[in-house]
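Take any residue in the first sequence, note its place counting from 1, add 1, and you have its number in the numbering used here. Just so you know, even glycine gets a beta-carbon here, dropped at the ideal spot from N, CA and C. To start, the structure itself, in structure tokens.
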Amino acid sequence: MAEESSSFFERVYEVVKEIPHGKVTTYGAIAKHLGTTRSSRMVGWALNNCHTLEDMIPAHRVVNRLGVLSGAAHFGTPTLMQELLENEGHIIEENQIKNFKEALWIPPYSEHD
DNA sequence: AAGCTGACTATGG
DNA sequence: GCCATAGCCAGCT
């Protein structure tokens with residue numbers, strides 16, 4: 002594939018879309034999957050552009066390493082992200098996923114290669 | 001072209 | 001254990 006890396010952002014979108022329903026992941030996990038662990042900030046930045054995509058990006062399944070809905074403020078409503086996660090069976094309190102470690106899902110590495 | 005930004009993470013006090 | 005600071009990198013102005 003000649004254009005495997007159109008942009009760093011698209012890499013993020015692909016991974017986020019791979020997140021199974023009822024699961025969540027962290028920015029660091031995605032960044033690590035992309036091979037750019039230190040670009041964890043870019044992951045969030047990429048999701049910021051998700052609204053420009055025609056594809057639906059389950060950005061609500063992406064939280065920070067503490068399981069906190071750090072990006073909830075970027076949704077239509079500050080509670081939308083929480084409601085979406087609760088709808089998937091997660092337990093959210095204080096903007097933090099209680100069953101975070103149970104719901105945590107790490108993207109596989111041998112999938113893109 | 002150069003500097004700022006940012007949905008993070010790690011480290012130090 | 002919580003708050004402050006630094007490092008990070010890639011897109012945006």
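Item: By Cβ distance below 7 Å, which residues in the same chain neighbour residue 44 in space, the five residues on each side in sequence not counted?; Value: 13, 28, 31, 32
Item: Quick check: the stretch 50–64 against the stretch 82–100, are there 3 or more CB pairs under 8 Å?; Value: yes
Item: Among 101, 52, 69, which has the Cα closest to the Cα of residue 77?; Value: 52
Item: Apply the 10 Å Cβ neighbour rule to residue 48 and answer buried if 16 or more other Cβ atoms are within range, or exposed otherwise.; Value: buried
Item: Return the residue from the list 90, 102, 68 that minimises the CA-CA distance to residue 96.; Value: 68
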